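Before any comments, here is the structure.
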Amino acid sequence: MHCNPTRRTFLKGTAATAALAAVGTCSVAAWRAEQAEAAATGAAKIQGASLCNGCSSKCGLIATALDGRLWTVEGMKEHPYSKGTLCGRGHGAAQWAYSDGRLTQPMKRAADGSFVPISWDDALSEIGAKVQEIIAEAGPEALAIIQDPRPSGKYYSKRFMNALGSPNVYTHAAACNLSKESGIQEATGAQNFSVDFPNTKMVVFIGRSYGDGIRPSSVKSLAGAAEGGARVVIVDPRLNNTGVFATDWVPIRPGADIAFLLGIANVLVTRDLYDHAFVEQSAVGFPEFAAQVTEYTPEWAEGICDVPADTIVEIAESLAAAAPACAIEPSWRAAFGCAYQNSFETARAVCAVNALLGCWGQKGGALITSSPKAGDVDPVKFPEVPKPAAKRLGDAEYPLALSGTGTNLAVLNGCADGAIQGVFFYNSNAVQGYAQPAKWREALSQAKLVVTIDVQMSETALASDYVLPECTVLERLELPEFIGGKKHYVALRTPVIERIHPETRPCDEIFAGLAEACGVGEYFDFTVEELAEAQLASVGTSIEEVREAGIVELADPGFAFGTPTFKTPTEKFQFASAKVAEAGLNPVIGYVPRLVEPAEGEFSLIGGKQGIHSHTMTLNLEALNAISREYQLERLWMAASDAADLGIVDGDTVELSSSECSGQVAVKVTERLKPGVLFLPTHYGGTSPYLTRAQGFGLNMMDFVPLHLEPGVGSTMSQEVAVKVRKVEG
Ligand SMILES: Nc1nc2c(c(=O)[nH]1)N[C@H]1C(S)=C(S)[C@@H](COP(=O)(O)OP(=O)(O)OC[C@H]3O[C@@H](n4cnc5c(=O)[nH]c(N)nc54)[C@H](O)[C@@H]3O)O[C@H]1N2
Ligand SMILES: Nc1nc2c(c(=O)[nH]1)N[C@H]1C(S)=C(S)[C@@H](COP(=O)(O)OP(=O)(O)OC[C@H]3O[C@@H](n4cnc5c(=O)[nH]c(N)nc54)[C@H](O)[C@@H]3O)O[C@H]1N2
Ligand code: SF4
Ligand SMILES: [Mo]
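Numbering (mature numbering (1 follows the signal peptide of the UniProt record, and there is no 0)), first residue to last: -21 to -1, 1 to 709.
Here is the structure:
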């Protein structure tokens, strides 16, 4: 790391790396002064708008290149998620362009298991031949793709699979927010909602941490609400880093949030604190729900979630007093995105409490907003792909999974039982993060063809037959990204720096090449620029305009406060849902226990994000990895009282074990965790030998979790595990 890099240091070799690494340890003011000085010396300066690829938020950014090299990235002011700020990962992820861990050419797995370079032409034609073979033998339904929902990726990967005749297109959702979004959809018809922070009086977070699972705009809006005096309650077994904005921390037993929520519902119903007008006019199933909820007394809830009954009553009464300017926040991943057998039901219970509070659509309450999309484009130039005849694998077994995402674990099971024989991964590290890595590796080894498109040799790439290198986001143009909310926007990834490694290609070219090689090239006879232009024209703007402005506001969707129209089959809020009954589950929102209960001497294992890392993909980036090592962020959190009982002190190494595996890690002893619970940050335990900084650093929680899917939705149940710890002597 250079603390006082000279201009020469910046412009040669690892310019961006040095600049970004320096921010963490040196004076930002000094660095900015140097930057200004360098910029003033006449270096050719290019500024371009793009979208960060550090996580699903895809914040708007402005990148500056000097003499063709990346110099800075800054949050776009006008973008609704960045609002002028990128988080630490956004800055760190910009290092990717120059990272030593990048894939620079296509690779093929050799007979001995090692990877050898292969030309694009050979890779594509070999993949094409295998795809044809699979289709001839087993039909196109034996092919599948898993992709991270990025603008170009989601369009091209779906088009590619559908053109081949396969309906099997999945996202990462079953390892993120599938249960939550599916549950919210059953109750409200929308997949998500947001809290009206500027006007809220009280908000309850159920295992969602804006201070750790960062989106800059969320942090800003929460900070604003806290400054304005809103009561902010964190329900989390761990006092997370949202604590700085919170008034209350409610430590809860993991996987028992549903009991807490139903206890609140019980108080609201039995003490007549609920919104009668809402439940009578805008909801269905309330009488059945009200009858069932009488069982869920605060005392009953305390027995399950270990939150005192008095606390449950007090929170329920405060919410009722603040209503409708209050809400249970929708959450995202850890607590009920995909974690437990009851995650889908917990999401429905969140919605039910908000319904009792009458806060749907109200000022300070829970808002459902809309999203824009591209209009029609020229059907001759961009021909529609016929819809595959077959149903997507997994949909019949998991009918409650959102149709837009499906459950990617159908691919794992499909490989294991032969239904899937060819798998593509785009911008996805499924092997390391969507279920137990050993199970993924075993399943993929059964497939005839596995192809991964990535920027680095991820664990999924390592389990593939062919690995195709993409250029990084700052080197490519993508299709427009449409952004919903109270207002509608469209933004774009535009190339800011020249292609660094000539053998890397952007998403659109890779899929067009694959399609050509597989015999369906006729559906890809256009450039990304042509389609982006057509999509933007369909909403009244252009590449040039978005490039200039960074982001363009679209026609005002006319958001207004007031009870929303629920887009459910009944057109009302659903305390009971026919579809849930058809899936063989209780139609009325009610209690479902977690699946794996820790026995005496065992712990619950929970996970969570750290502000400087994203999922599995940033661990090898030099500056971000250095921060983890400096602060020993990979440590396992243990409550001080548990540590005392086990004779463990801060920094000791322990062996963590579950039914699936065991591994060693250092312990962080803390007062910020509920006894009986262990917290493992989710970014660690890399195993790819190509990613030397990540390999063998910390533990990957997914190794410990048995492979089992949540009924109805097919989520990965990422926290249905009980573990033991033992101090490693010496
Ligand atoms: N162990 C573990 N598992 C997790 C999580 C976790 O924190 N830890 N988080 C869960 C959550 S919330 C989610 S949303 C999912 C996320 O799951 P994924 O979306 O799969 O995210 P990552 O695991 O970070 O893997 C992303 C992969 O994309 C690659 N990549 C990065 N940039 C590009 C690019 O420009 N082009 C291409 N083609 N590839 C690129 C990275 O190298 C990496 O291999 O994972 C879930 N599973
Ligand atoms: N830094 C960072 N930020 C990110 C991402 C990232 O990878 N890194 N990814 C983005 C994405 S894709 C996502 S999905 C979001 C995730 O955003 P969040 O869902 O907020 O992320 P987590 O940190 O996984 O979980 C939040 C909290 O849930 C708590 N928790 C765990 N189990 C339970 C439980 O059973 N009950 C309760 N009540 N709490 C529990 C954890 O202690 C943790 O503090 O973050 C987004 N932002
Ligand atoms: S939240 Fe951070 S990592 Fe995610 S897109 Fe925004 S700046 Fe990038
Ligand atoms: Mo996520």
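For glycine and all other residues, C-beta sits at the position ideal for the given N, C-alpha and C.
As the structure is a computational prediction, the values presented were derived from the model and not from experiment.
Would you mind stating whether residue i and residue j have Cβ atoms separated by less than 7 Å?
{"i": "L346", "j": "F172", "result": "yes"}
{"i": "I243", "j": "V332", "result": "yes"}
{"i": "D67", "j": "S61", "result": "For clarity, residue 67 is Gly in the given sequence; the question names Asp instead. Their beta carbons are not under 7 Å apart, which means G67 does not touch S61 by this criterion."}
{"i": "Q415", "j": "M140", "result": "no"}
{"i": "V364", "j": "A142", "result": "yes"}
{"i": "E532", "j": "Y468", "result": "yes"}
{"i": "R281", "j": "P287", "result": "In the sequence on display, residue 281 carries Glu and not Arg. Against a cut-off of 7 Å, the Cβ pair of P287 and E281 comes out as a contact."}
{"i": "G373", "j": "G144", "result": "no"}
{"i": "V402", "j": "E438", "result": "no"}
{"i": "E699", "j": "V575", "result": "yes"}
{"i": "G132", "j": "A72", "result": "no"}
{"i": "T226", "j": "R210", "result": "yes"}
{"i": "T595", "j": "G412", "result": "yes"}
{"i": "M696", "j": "Y377", "result": "no"}
{"i": "K342", "j": "F545", "result": "no"}
{"i": "S98", "j": "R472", "result": "no"}
{"i": "V182", "j": "Y189", "result": "no"}
{"i": "V707", "j": "E634", "result": "yes"}
Measuring only from the beta carbon, is residue i closer than 6 Å to any heavy atom that is part of ligand 2?
{"i": "N219", "result": "yes"}
{"i": "C317", "result": "no"}
{"i": "K588", "result": "yes"}
{"i": "R187", "result": "yes"}
{"i": "V229", "result": "no"}
{"i": "V356", "result": "no"}
Here's the rule: buried if 16 or more other CB atoms are within 10 angstroms of the residue's CB, otherwise exposed. What is residue i?
{"i": "T4", "result": "Note that T4 scores a pLDDT of 43, beneath 50, so its modelled location is shaky; the value from the coordinates is reported in the next line. The residue in question, T4, is exposed, as its Cβ has fewer than 16 Cβ neighbours within 10 Å."}
{"i": "H255", "result": "exposed"}
{"i": "F658", "result": "buried"}
{"i": "G208", "result": "exposed"}
{"i": "A(-6)", "result": "With a pLDDT of 36 at A(-6), under the threshold of 50, the modelled position of this residue cannot be trusted; read the value that follows with caution. Counting Cβ neighbours within 10 Å, A(-6) comes out buried, since at least 16 surround it."}
{"i": "G529", "result": "buried"}
{"i": "D236", "result": "buried"}
{"i": "T20", "result": "exposed"}
{"i": "P660", "result": "buried"}
{"i": "D100", "result": "exposed"}
{"i": "residue 716", "result": "The displayed coordinates of the chain run from -21 to 709. Any statement about residue 716 would go beyond what the structure contains."}
{"i": "G709", "result": "exposed"}
{"i": "P481", "result": "exposed"}
Any heavy atom of ligand 1 closer than 6 Å to the Cβ of residue i?
{"i": "M596", "result": "yes"}
{"i": "G412", "result": "yes"}
{"i": "residue 710", "result": "Here the chain covers residues -21 to 709 and nothing more, so residue 710 does not appear."}
{"i": "N171", "result": "no"}
{"i": "Q435", "result": "yes"}
{"i": "T83", "result": "no"}
{"i": "residue 711", "result": "No answer is possible for residue 711: the residues shown for the chain start at -21 and end at 709."}
{"i": "H151", "result": "yes"}
{"i": "M140", "result": "no"}
Mind checking whether the beta-carbon of residue i lies closer than 6 Å to any heavy atom of ligand 4?
{"i": "residue 728", "result": "The structure shown does not extend to residue 728, since the chain spans only -21 to 709, so no value can be given for it."}
{"i": "R312", "result": "yes"}
With residue i as the anchor, note down where its beta strand (DSSP E) starts and where it stops.
{"i": "G401", "result": "G401 to Y405"}
{"i": "V507", "result": "Per DSSP, V507 belongs to no beta strand (DSSP E); it is in the alpha helix (DSSP H), V507 to A516."}
{"i": "Q643", "result": "S641 to T649"}
{"i": "A205", "result": "Where A205 is concerned, there is no enclosing beta strand (DSSP E), although the alpha helix (DSSP H) it sits in stretches over P195 to E206."}
{"i": "K706", "result": "A701 to K706"}
{"i": "R217", "result": "No beta strand (DSSP E) holds R217; DSSP gives it neither H nor E."}
Can you find a C-beta in chain D that's less than 7 Å from the C-beta of residue i?
{"i": "S641", "result": "Among the protein chains of the structure shown there is no chain D, as only one such chain exists."}
Hey, would you say the C-beta of residue i is under 6 Å away from at least one heavy atom of ligand 3?
{"i": "P37", "result": "For the record, residue 37 in the displayed sequence is Lys; it is not Pro. Under cutoff, so the answer is yes."}
{"i": "L603", "result": "no"}
{"i": "N33", "result": "The sequence shown places Gly at residue 33, rather than the Asn named in the question. Yes - ligand 3 has a heavy atom lying nearer than 6 Å to the Cβ of G33."}
{"i": "G69", "result": "yes"}
{"i": "I193", "result": "yes"}
{"i": "L65", "result": "yes"}
What residue range does the alpha helix (DSSP H) around residue i cover?
{"i": "R129", "result": "Where R129 is concerned, there is no enclosing alpha helix (DSSP H), given that its DSSP letter is neither H nor E."}
Within 6 Å: the Cβ of residue i and any heavy atom of ligand 6?
{"i": "C450", "result": "This structure lacks ligand 6; the ligands present are ligand 1, ligand 2, ligand 3 and ligand 4."}
Let me know the beta strand (DSSP E) ranges lying completely inside the segment 99 to 167, each 3 residues or longer, listed in chain order. Listed in chain order, the complete beta strand (DSSP E) runs (minimum 3 residues) inside the segment 99 to 167 are 122 to 126.
Those runs of the alpha helix (DSSP H) which lie wholly inside the segment 273 to 323 and span at least 4 residues: Counting only runs of 4 or more, we get 277 to 284 and 288 to 301.
Give, in chain order, every unbroken run of the alpha helix (DSSP H) that is at least 4 residues long and sits entirely within the segment 543 to 608. Counting whole runs of 4 or more residues, the segment 543 to 608 contains the alpha helix (DSSP H) stretches 557 to 561.
Give the list of continuous alpha helix (DSSP H) stretches no shorter than 4 residues that lie fully inside the segment 320 to 388. For the segment 320 to 388, the continuous alpha helix (DSSP H) assignments of 4+ residues that do not extend past its boundaries occur at 322 to 335, in sequence order.
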